[in-house]
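The opening residue of the sequence shown carries number 232 in our numbering; numbering runs sequentially from there.
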Amino acid sequence: MHPRQNHQNGFSIIELLAVVAIMGVLAAILLPRATSGVDEAEREACFTNQGNIEVQCQLWQRNNGSFPAANLLEVGASVEYFPGGLPTCPVDGTTYTIDTTTGLVTGHSH
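Laid out in structure tokens, this is it:
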């Protein structure tokens with residue numbers, strides 16, 4: 232006759248707590264890195280929007296003899312220049328404005 236062996240299937244509470252603690256440490260390390268990528272992408276999208284607006288303002292100036300109004304309402308309403316509508320800043324949701332003497336976007340130095 233063999234002695235009775237006590238075999239239990241599954242994990243002990245200590246093993247489960249250790250796994251949860253390790254996962255918590257990994258999440259604390261990785262989560263800030265993942266969210267910083269979103270912030271960087273939004274800043275880059277803002278710079279891209281600024282460049283697109285400045286190019287379209289240059290075209291407007293070439294076609295009309297002067298830059299559009301600082302609030303960009305006239306150029307933004309034209310589907311010829313902005314078929315998808317005038318973009319807003321992805322970082323803070325504000326509208327873009329330009330310097331009417333240079334055609335450059337003002338502000339938005341994220």
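Glycine residues also receive a C-beta, built at the ideal position from the N, C-alpha and C atoms.
Item to check | Extent of the continuous alpha helix (DSSP H) to which residue 330 belongs | outcome: No alpha helix (DSSP H) contains residue 330, which DSSP labels as neither H nor E.
Item to check | alpha helix (DSSP H) segment containing residue 246, residue limits | outcome: Element bounds for residue 246: 244-295.
Checklist entry - Between which two residues does the alpha helix (DSSP H) harbouring residue 307 extend? => result 304-307 is the span of the alpha helix (DSSP H), which, as asked, contains residue 307.
Next on the checklist: Please state whether the Cβ-Cβ distance between residue 336 and residue 274 is less than 9 Å.
Outcome noted: Contact flag unset, no.
Item to check | Cβ neighbour criterion (16 or more within 10 Å) applied to residue 306 | outcome: Per the 10 Å Cβ criterion, buried.
Checklist entry - Do the stretch 269-285 and the stretch 240-260 meet, that is, are 3 or more Cβ pairs less than 8 Å apart? => result Remark: fewer than three beta-carbon pairs, one from each stretch, lie closer than 8 Å, so the stretch 269-285 and the stretch 240-260 are not flagged as touching.
Checklist entry - Considering only C-alpha positions, which residue in the set 267, 330, 246 and 320 is nearest to residue 297? => result Ranking 267, 330, 246 and 320 by Cα distance to residue 297 puts 330 first.
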